[in-house]
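Engineer: Residues 6 to 367 (this note's numbering) are what the sequence shown spells out, left to right.
Note that the Cβ used here is the ideal one computed from N, Cα and C, for glycine as well.
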Amino acid sequence: MSRGALTWWARATAAAALVATGLLAAPGAMACACGGFVGPDGSRQTVQQETAALHWDGTDETIHLRLTTQGVGDDAGLLLPTPNPAADVALGDEELFSDLAAASAPRWEERQHLFGPPELFGDDGDSAAGGAPGDGAVQVLSTQDLGPLETAVLTADDPGALDEWLTEHDYVMNERFESVVTPYVEEGWAFVAVRLTAEGQTISGDLPPLKVTFPSDELVYPMRMSQAAVDTQSTRTYVLSDHRVTRTDPTGSSGQAELLFAGELTADQAQSPELAAIVAQAPYLTTLEQEFVNPQAQIVSDYVFAADDTDEPFQRVIYTDSYLIPIDVAIILAVLVLGLVGGGIAIVMVVRRQLRSAPRAG
Numbered sequence: 006m007s008r009g010a011l012t013w014w015a016r017a018t019a020a021a022a023l024v025a026t027g028l029l030a031a032p033g034a035m036a037c038a039c040g041g042f043v044g045p046d047g048s049r050q051t052v053q054q055e056t057a058a059l060h061w062d063g064t065d066e067t068i069h070l071r072l073t074t075q076g077v078g079d080d081a082g083l084l085l086p087t088p089n090p091a092a093d094v095a096l097g098d099e100e101l102f103s104d105l106a107a108a109s110a111p112r113w114e115e116r117q118h119l120f121g122p123p124e125l126f127g128d129d130g131d132s133a134a135g136g137a138p139g140d141g142a143v144q145v146l147s148t149q150d151l152g153p154l155e156t157a158v159l160t161a162d163d164p165g166a167l168d169e170w171l172t173e174h175d176y177v178m179n180e181r182f183e184s185v186v187t188p189y190v191e192e193g194w195a196f197v198a199v200r201l202t203a204e205g206q207t208i209s210g211d212l213p214p215l216k217v218t219f220p221s222d223e224l225v226y227p228m229r230m231s232q233a234a235v236d237t238q239s240t241r242t243y244v245l246s247d248h249r250v251t252r253t254d255p256t257g258s259s260g261q262a263e264l265l266f267a268g269e270l271t272a273d274q275a276q277s278p279e280l281a282a283i284v285a286q287a288p289y290l291t292t293l294e295q296e297f298v299n300p301q302a303q304i305v306s307d308y309v310f311a312a313d314d315t316d317e318p319f320q321r322v323i324y325t326d327s328y329l330i331p332i333d334v335a336i337i338l339a340v341l342v343l344g345l346v347g348g349g350i351a352i353v354m355v356v357r358r359q360l361r362s363a364p365r366a367g
């Protein structure tokens, strides 16, 4: 197997994997909203888009992950922390993400106005709104070959042991790795290491989606590793449940968590067999987005989701505005009318003045 890169996805367990950018000490590492891929010398990967969907049935949690990347290099890696070592990894369903994106999209509405923006002279405005205990060793619990993906579930007693194991297997870390992994190791979390290979072809574009399932006591989305990121970070989480959900973690108030969609999905919205099976049990979709301009200060916890106090639906609206009369045309018409009226008044006054000044007969 060729030497791999490692993307530190620390948002897994609830939906994804966010890498703390720069954890891999390799030249050319680049940051992006959802982490960065970094490979050996001459290899570079950046994540352009990350999409994640979560479902928790009260016992097991399932994460569906998809990344869109750009870069050079024929292999890359992911590291996903999970609260339980009994994690199962499989290839995901691409259509599931298309269905969720379509369901969460804003609706379009038309607004009609008497007067509108200029037409004759242009308009620059925008009308849209809206391991074995005690020995410090890493224990490999399971491995899988999924074709384009190779996975291993790991546990470790200390961050140093995990660092050494990854280094021995050609993953390159820098000194920040131990500090961001330490909380998960101390709390007994496991790690799913995923290697993607393209067999000599550059890894770029949409990567094969992943499906990770593991036992969990709550619906949680690990974010603490993202404290090491240096650029703005953003997350989008699709949460499928019996009811609308909300964030209950401290990080939810440290950034702008935006509700994009809330509502029940119907059977015809779930074209994906994978999504249809989930919607049959948990039809309510809550889509949330959050951005961090200062990850080190704003990310103070993992994401935790719980039932909201309401099931009120919500959908964004984008307005298209239609206008009867462009404002500049209205102004010109008004000026013309005023001119005509003023001219008429002036003519009347002149005529009256002439009539008064005209000599009277007799």
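Look at the alpha carbon of E192 and the alpha carbon of V305, and state the distance between them as a whole number of angstroms.
Structural biologist: Rounded to the nearest angstrom, the two C-alpha atoms are 16 Å apart.
Engineer: Can the beta-carbon of G417 be found closer than 7 Å to that of P300?
Structural biologist: No answer is possible for residue 417: the residues shown for the chain start at 6 and end at 367.
Engineer: From what residue to what residue does the alpha helix (DSSP H) around L151 run?
Structural biologist: Segment: none, L151 is in no alpha helix (DSSP H) and carries neither H nor E.
Engineer: Report the rounded CA-to-CA distance for T256 versus L338, giving the unit in angstroms.
Structural biologist: Cα to Cα, T256 sits roughly 56 Å from L338.
Engineer: Would P88 be called buried (16 or more neighbouring beta carbons within 10 Å of its own) or exposed?
Structural biologist: Result: buried.
Engineer: Between H374 and A312, what straight-line distance do the alpha-carbon atoms span, to the nearest angstrom?
Structural biologist: The displayed coordinates of the chain run from 6 to 367. Any statement about residue 374 would go beyond what the structure contains.
Engineer: Report yes or no: is there a C-beta of chain B within less than 7 Å of the C-beta of L83?
Structural biologist: No chain B appears in this structure, which consists of one protein chain only.
Engineer: Is the beta carbon of P278 closer than 7 Å to that of L96?
Structural biologist: No.
Engineer: Which of helix, strand or coil does DSSP assign to L105?
Structural biologist: Note: L105 maps to helix in three-state DSSP.
Engineer: Taking Cβ to Cβ, would you say V199 is nearer than 7 Å to L171?
Structural biologist: Cβ atoms of V199 and L171: not closer than 7 Å.
Engineer: Closest to D316 by CA distance: which of P111, F297, P288 is it?
Structural biologist: Selected option, being the one with the closest Cα: P288.
Engineer: I need the boundaries of the alpha helix (DSSP H) containing E183, first residue and last residue.
Structural biologist: First-last of the alpha helix (DSSP H) with E183: 181–191.
Engineer: Tell me which residues share the same chain as F196 and place their Cβ nearer than 6 Å to its Cβ, disregarding the 5 neighbours each side in the sequence.
Structural biologist: Once the five neighbours on either side are set aside, the close Cβ partners of F196 are L84, P86, L159.
Engineer: Under DSSP, the beta strand (DSSP E) around Q238 begins and ends at which residues?
Structural biologist: Its beta strand (DSSP E) spans residues 238–246.
Engineer: Across the stretch 231–238 and the stretch 59–75, are there enough close Cβ pairs to call them in contact, namely three or more that are closer than 8 Å?
Structural biologist: The stretch 231–238 is not in contact with the stretch 59–75.
Engineer: In chain order, what residues of the same chain have a beta carbon less than 7 Å from the beta carbon of I283, not counting five sequence neighbours either side?
Structural biologist: Contacts found: H60, L245.
Engineer: Would you report the Cα separation of L29 and F182, rounded to the nearest angstrom?
Structural biologist: Here L29 scores only 40 on pLDDT, less than 50, and its place in the model is too uncertain to base an answer on.
Engineer: Report the option in L264, L280, E66 whose CA atom is closest to the CA atom of S221.
Structural biologist: It is E66.
Engineer: DSSP has W113 in a bridge; who is on the other side?
Structural biologist: I323.
Engineer: From T64 to V217, what distance separates their C-alpha atoms?
Structural biologist: Taking the straight line joining both Cα atoms gives about 14 Å.
Engineer: With DSSP as the reference, label Q232 as helix, strand or coil.
Structural biologist: Looking at Q232 - three-state DSSP - the assignment turns out to be helix.
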